[in-house]
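Residues in the sequence shown are numbered consecutively from 44, following UniProt numbering. We put the CB at the ideal spot given by N, CA and C, even for glycine. Predicted model, so just to flag it, every value in this text is computed and none were measured.
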Amino acid sequence: GGLVTYDPGFANTANTTSAITYIDGDEGILRYRGYPIDQLAENASFLEVSYLLIYGELPTPSELEAFDQRIRRHTLLDEDLKRFFDGFPRNAHPMPVLSAAVSALSTFYQDSVNPFDDTQVSLSTVRLLAKLPTIAAYAYKKSVGQPFLYPDNKLGYVENFLKLTFGVPSEDYEVDPVIAKALDLLFVLHADHEQNCSTSTVRLVGSAQANLFASVSSGIHALHGPLHGGANQAVLEMLESIREQGGDVNAFVQKVKNKEAGVRLMGFGHRVYKNYDPRAAIIKKTADQVLSALGKRDDLLDIAMELEGVALSDDYFVSRKLYPNVDFYTGLLYRAMGFPTRMFTVLFAIGRLPGWIAQWHEMIEDPKTKIGRPRQLYTGPAERPVVPLAQR
Ligand code: CMC
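Structural data, given as structure tokens:
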């Protein structure tokens, strides 16, 4: 073999070329297909951004309409797949339920699992986009013991998801436009982030020519880790525990600096951003506005802002270039919208789905793709003889 490079966490190794997302971590720049994230946040809906990521260009009004209609026609889950949720305990965390149900899609929709058939890939793409919010809402309904609703295809993507999640069969459900708009924006901000852990997982699994459902199901598990998407849940739990202990932000920061029992400031730091995460900047501004609009001033927001202030003026964080990341303020918004903490990472997954799909497409279409197969530096014993059991 040739020379093997040791690069834990692939910190300096590119496994692919990509034309989807650009990040400049020193400058705090994020662009999807060349468009700055703040302009997309201001001017484009989540479905427009999904189209952009997957097909390369922003849709025209008629392209968007066709895309939207196609997705609306696929929001239902097979009735047998609905019963699949009964197999989980009531207290199941919705993330593994989400992943399991996405995995199960490849058994229910076997006519769209061939990665080299364009028609099948197009169908699995639309099915995933359409069904993930339904699955996510059912995972939630299951956890609170409420009946599942059928998707309402008169509603847009985010509105339908909100109704499936919070609606009950006997009552009308009015979607709050402030919540719908804020959630759509959060999905836009999460839609892609180049070769992060879950996306790299989707690509790695896909590189073995596994189908899109299987690849995305694996990505959902990677996202659930607390160093990745699971951080949004961890941030809220951290803020609550600071409040419970009397709200002493300085004492908590001291614990982090002492590296006590692996305590980290959740929602801070990033492998690529060595500057303020541009998504966090937008979310912080939005959190303030949306919380006021919903009349839900939250003392946890005050703790979060104080925590940020203390950290950003402390040499430990400054010298390591640790800034708030996307997960620092999102939980406060999700909470104000009525989502329980355990749904936060599920919301991240819905937002990230178009990115996973776009990256999987790029991987499967790239003639330079090879099966993902990292090397290692062996550190185990040198050759030694096996001693038979009786003589050991
Ligand atoms: N709190 C305290 N110290 C930290 C933190 C933090 N959140 N993040 C990094 N450090 C320290 C770390 O201890 C190390 O210090 P030292 O050199 O003294 O050992 C230094 O900063 C470099 O850290 P690293 O672990 O080598 O950095 P990494 O690029 O491997 O890790 C990270 C990136 C995001 C996993 C890490 O910053 C972290 O654990 N953050 C908290 C979890 C989090 O918020 N994750 C969400 C990431 S953004 C979106 C997403 O993926 O969901």
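Item, Value
"Proximity test, alanine 274 beta-carbon vs the ligand CMC heavy atom, cut-off 7 Å", "yes"
"Tyrosine 152 - containing alpha helix (DSSP H), residue span", "Taken as a continuous stretch (DSSP letters only), tyrosine 152 belongs to no alpha helix (DSSP H), as it is neither H nor E."
"Integer Cβ distance of leucine 343 from leucine 375, believed to fall under 8 Å", "6 Å"
"Nonlocal neighbours in the same chain, by C-beta distance under 6 Å from phenylalanine 360, ignoring five residues either side", "Ala354"
"Rounded separation between alanine 62 and arginine 76 - CA only", "7 Å"
"Contact check, valine 315 vs glycine 68, beta carbons under 8 Å", "yes"
"Residues that DSSP places opposite residue 451 in a beta bridge", "With the chain covering 44 to 435 only, the question about residue 451 has no answer from this structure."
"Aspartate 370 beta carbon near the ligand CMC (any heavy atom closer than 7 Å)", "yes"
"Whole-angstrom C-beta distance between leucine 96 and glycine 398, which should lie under 8 Å", "6 Å"
"Proximity below 8 Å, CB of isoleucine 407 to CB of alanine 84", "no"
"Leucine 229 CB to nearest heavy atom of the ligand CMC below 7 Å", "no"
"Supposed close pair valine 369, alanine 401 - CB separation, criterion 8 Å", "Between alanine 401 and valine 369 the Cβ distance is about 18 Å, and since that is not below 8 Å, they are no contact."
"Beta-carbon spacing of valine 140, serine 149 below 8 Å", "no"
"Cβ-Cβ separation, proline 79 to glutamate 91 (assumed contact under 8 Å), whole Å", "15 Å between Cβ atoms; not a contact."
"Where leucine 192 falls: helix, strand or coil (DSSP)", "coil"
"Entirely enclosed alpha helix (DSSP H) segments - the segment 171-230, minimum 4 residues", "200-209"
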